[in-house]
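Trainee: Handing you a structure now.
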Amino acid sequence: MNLANKITTVRVLLIPVFAVLLLQGSPPAGPLWATGCFLLASSTDKLDGVVARKYNMITTFGKFLDPLADKLLLTSAILCLTHLRLCSPYIGIVILSRELIVTSFRIVAMGKNVVLAADGWGKAKTFVQNLSVALVLGGMVFEPLARPGQWSLWLAAALTVYSGWHYLYANWSCIGDDW
């Protein structure tokens, strides 16, 4: 396993740490540590990509694991925030449905030996989703961030729908009649 894939693996391993800190940690320390853990995990997304490109470590495994790690981190965060009533269930349903649909689409493509990497809209979506989650988490400790966090979740949901539609539309021909 190369360095870029190890960085991505660290992101996956931080997910249960984040969830436990958020759900079991006592305020304000628990949410504060959970926010830090989430920021660290989400920052590895950029880092693993930079390392992979700079040192020619791009692999099929990395192309699959990186977006999967993003989805696992985001799904965990959205489920935790929804459980804590800090995220509307409607937003959670939209975001989780999109991730399930796109992941299913990627699995079908992989069955045809086609690896579909994230596109620009998907990367923008991931950034806005992570920023929104970070703002909501930060709002648990620093109240002025709470309202911007809530509004940004709605923006993230809208971008999630558009990026999902765009991804499916742009890659539909890769799977043909198998969908």
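Heads up, the numbering used here is the position in the sequence shown plus 32, with the first residue counted as 1. Built from N, CA and C at the ideal position, the CB exists for glycine as well.
How many angstroms separate the CA atom of L46 from the CA atom of Y201?
Mentor: C-alpha separation (whole angstroms): 33 Å.
Trainee: Locate the alpha helix (DSSP H) running through E131, then write down its first and last residues.
Mentor: Segment P121 to G143, the alpha helix (DSSP H) holding E131.
Trainee: Could you tell me whether the Cβ atoms of V147 and K95 are closer together than 7 Å?
Mentor: Against a cut-off of 7 Å, the Cβ pair of K95 and V147 comes out as a contact.
Trainee: One question on the structure: do A36 and L54 come within less than 7 Å of each other, judged by their Cβ atoms?
Mentor: Not a contact, by the Cβ cut-off of 7 Å.
Trainee: What's the C-alpha gap between T40 and T92?
Mentor: Approximately 13 Å between the Cα atoms of the pair.
Trainee: Would you identify the three-state DSSP class for S205, choosing helix, strand or coil?
Mentor: Correct three-state label for S205: helix.
Trainee: Below 7 Å between beta carbons: does that hold for V173 and P63?
Mentor: Going by C-beta atoms, V173 is nearer than 7 Å to P63.
Trainee: Can the beta-carbon of S184 be found less than 7 Å from the beta-carbon of L169?
Mentor: Against a cut-off of 7 Å, the Cβ pair of L169 and S184 comes out as no contact.
Trainee: Which residues in the same chain have their Cβ closer than 6 Å to the Cβ of N31, if we skip the five residues on either side of it in sequence?
Mentor: With the chain covering only 33 through 211, there is no way to say anything about residue 31.
Trainee: Verify whether the separation of the beta carbon atoms of I127 and T192 is less than 7 Å.
Mentor: For I127 and T192, yes; Cβs fall inside 7 Å.
Trainee: Excluding the five sequence neighbours on either side, which residues of its own chain have a C-beta within less than 8 Å of the C-beta of I90, listed in chain order?
Mentor: If we look at I90 and ignore the five residues flanking it on each side, its Cβ neighbours are A36 and A84.
Trainee: Who are the near neighbours of I110 in its chain, counting only those whose CB is closer than 7 Å to its CB and skipping five residues on each side?
Mentor: Excluding sequence neighbours, I110 sits near C119, G124, I127 and L128.
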